[in-house]
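What follows is a single structure, written as structure tokens, with notes after it.
Numbering (our numbering), first residue to last: 2 to 285.
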């Protein structure tokens with residue numbers, strides 16, 4: 002019997018992804034340009050953050066310029082800076098909700114790539130917003146509200162001397178160690194299951210309590226990606242955030258795939274066997 006000849010670029014069975022780590026590489030190889038387009042979508046939905054950040058820098062520059070000219074008291078200047086920072090954090094709550102609209106569409110497409118499903122960019126993006134937009138916007142609203150509360154607490158702490166200032170860091174610790182992980186995990190569960198928000202939150206809790214160190218390491222990686230936000234130079238911060246928008250889909254895909262492995266152990270094997278190993282060959 003004549004041996005079947007394959008071209009070098011043909012897909013043999015052994016070349017198909019057998020683990021989710023291999024799925025990540027496969028998606029990057031096949032859909033790299035599409036992933037960059039997803040980054041561009043996130044960039045568009047994050048433009049309001051760029052605008053408010055620019056306005057924030059302009060106001061701070063005026064405050065500092067006035068302090069030099071008029072020689073205002075340092076405590077008064079600090080109070081004005083704190084007020085501007087608090088207002089910015091409060092306004093950003095709305096911007097998080099706006100960003101969540103685009104993010105819900107992107108997450109749907111990333112799920113399709115991870116599951117080896119066909120993707121019709123406009124259709125799937127719209128379906129993601131339609132099916133998951135409400136839950137995702139609620140998650141981002143809570144996240145934005147938490148960021149605002151932590152900002153106010155931090156600004157209050159730096160104005161108070163003594164041990165009492167440490168109390169203002171409590172909300173920051175609770176938010177970073179408990180609220181943020183649950184919000185991230187819930188946002189990943191949202192496009193996977195047709196649950197209400199409470200149902201997805203319960204799954205997120207189960208994941209967190211079963212894999213606390215793994216989840217915290219993932220959240221730490223998320224925190225590293227946010228480093229450009231704290232760069233004092235405006236131009237560098239702008240470039241860093243722009244690059245982050247285009248890198249975000251790749252990072253989110255990796256985060257999704259890691260969490261899908263955890264979901265297989267936490268819930269899928271018992272309640273959703275059809276989702277165990279989905280996207281790998283063979284699965285189940």
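In this text, a Cβ means the ideal position worked out from N, Cα and C, and glycines have one as well. Bear in mind the structure is a predicted one, so any value in this text is a computation, not a measurement.
Exercise. Figure out for me which residue from 125, 124, 170 has the closest Cα to the Cα of residue 158.
Key: What you label residue 158 is simply residue 157 of the chain shown in a count that begins at 1. Per the Cα distances, 170.
Quiz prompt | residue 258 - DSSP class collapsed to helix/strand/coil | solution = Along the chain shown, one-based indexing puts residue 258 at 257. Correct three-state label for residue 258: helix.
Self-check item: Beta-carbon proximity check, residue 108 vs residue 218, cutoff 9 Å
Solution: Translated into the one-based positions of the chain shown, residue 108 becomes position 107. Translated into the one-based positions of the chain shown, residue 218 becomes position 217. No, the pair does not count as a contact, with Cβ atoms beyond the cut-off.
Quiz item: residue 127 CB to nearest chain C CB: under 9 Å?
Solution: Included in the structure is just one protein chain, with no chain C present.
Quiz item: Where does the unbroken alpha helix (DSSP H) through residue 152 begin, and where does it stop?
Solution: Translated into the one-based positions of the chain shown, residue 152 becomes position 151. Where residue 152 is concerned, the enclosing alpha helix (DSSP H) stretches over 122-160.
Quiz item: With 16 other CB atoms within 10 Å as the buried threshold, where does residue 121 fall?
Solution: The residue given as residue 121 occupies position 120 in the chain shown. Classification for residue 121: exposed.
Quiz item: Leaving out the 5 sequence neighbours to the left and right, which residues in its chain are closer than 6 Å to residue 2 when beta-carbon positions are compared?
Solution: Here residue 2 refers to the residue found at position 1 of the chain shown. Any reading at residue 2 needs caution, since the residue's pLDDT is 47, under 50, leaving its predicted position unreliable; the model's value is listed next. The answer is none, since no qualifying residue turns up.
Quiz item: Tell me which same chain residues have a C-beta within less than 7 Å of the C-beta of residue 1, skipping the five on either side of it?
Solution: The requested residue 1 does not occur in the structure, where the chain is confined to residues 2 to 285.
Quiz item: Using the beta-carbon count (16 or more within 10 Å), is residue 40 buried or exposed?
Solution: Counting from 1 along the chain shown, the entry for residue 40 is found at position 39. Buried, since its Cβ has 16 or more Cβ neighbours within 10 Å.
Quiz item: How long is the line joining the alpha carbons of residue 234 and residue 277, rounded to whole angstroms?
Solution: For this step, residue 234 is matched to residue 233 along the chain shown. For this step, residue 277 is matched to residue 276 along the chain shown. Cα-Cα distance, rounded: 46 Å.
Practice problem: Give the DSSP-derived three-state secondary structure of residue 47 in the structure shown. | Solution: Position 46 of the chain shown, counting from 1, holds the residue named residue 47. If DSSP states are grouped into helix, strand and coil, residue 47 belongs with coil.
Self-check item: Cβ pair residue 211, residue 263 closer than 9 Å
Solution: Indexing the chain shown from 1 puts residue 211 at position 210. Indexing the chain shown from 1 puts residue 263 at position 262. Cβ distance < 9 Å, so residue 211 and residue 263 count as in contact.
Quiz prompt | Limits of the unbroken alpha helix (DSSP H) element including residue 278 | solution = As a working mapping, residue 278 is identified with position 277 in the chain shown. Per DSSP, residue 278 belongs to no alpha helix (DSSP H) and is neither H nor E.
Practice problem: Would you mind reading off the limits of the alpha helix (DSSP H) that contains residue 208? | Solution: On the chain shown, position 207 is the one that residue 208 refers to. First-last of the alpha helix (DSSP H) with residue 208: 198-211.
Exercise. Give the single residue among 256, 259, 52 whose Cα lies nearest to the Cα of residue 242.
Key: On the chain shown, residue 242 is found 241 positions in, with the first residue counted as 1. Looking at the Cα atoms, 52 is the closest of the given residues.
Quiz item: Do you know offhand how far residue 24's Cα is from residue 274's?
Solution: Counting from 1 along the chain shown, the entry for residue 24 is found at position 23. Counting from 1 along the chain shown, the entry for residue 274 is found at position 273. Cα to Cα, the separation comes out at about 19 Å.
Quiz item: On the three-state DSSP scale, how would you describe residue 34?
Solution: The sequence position of residue 34 within the chain shown is 33, counting from 1. In this structure, residue 34 counts as helix in the three-state DSSP scheme.
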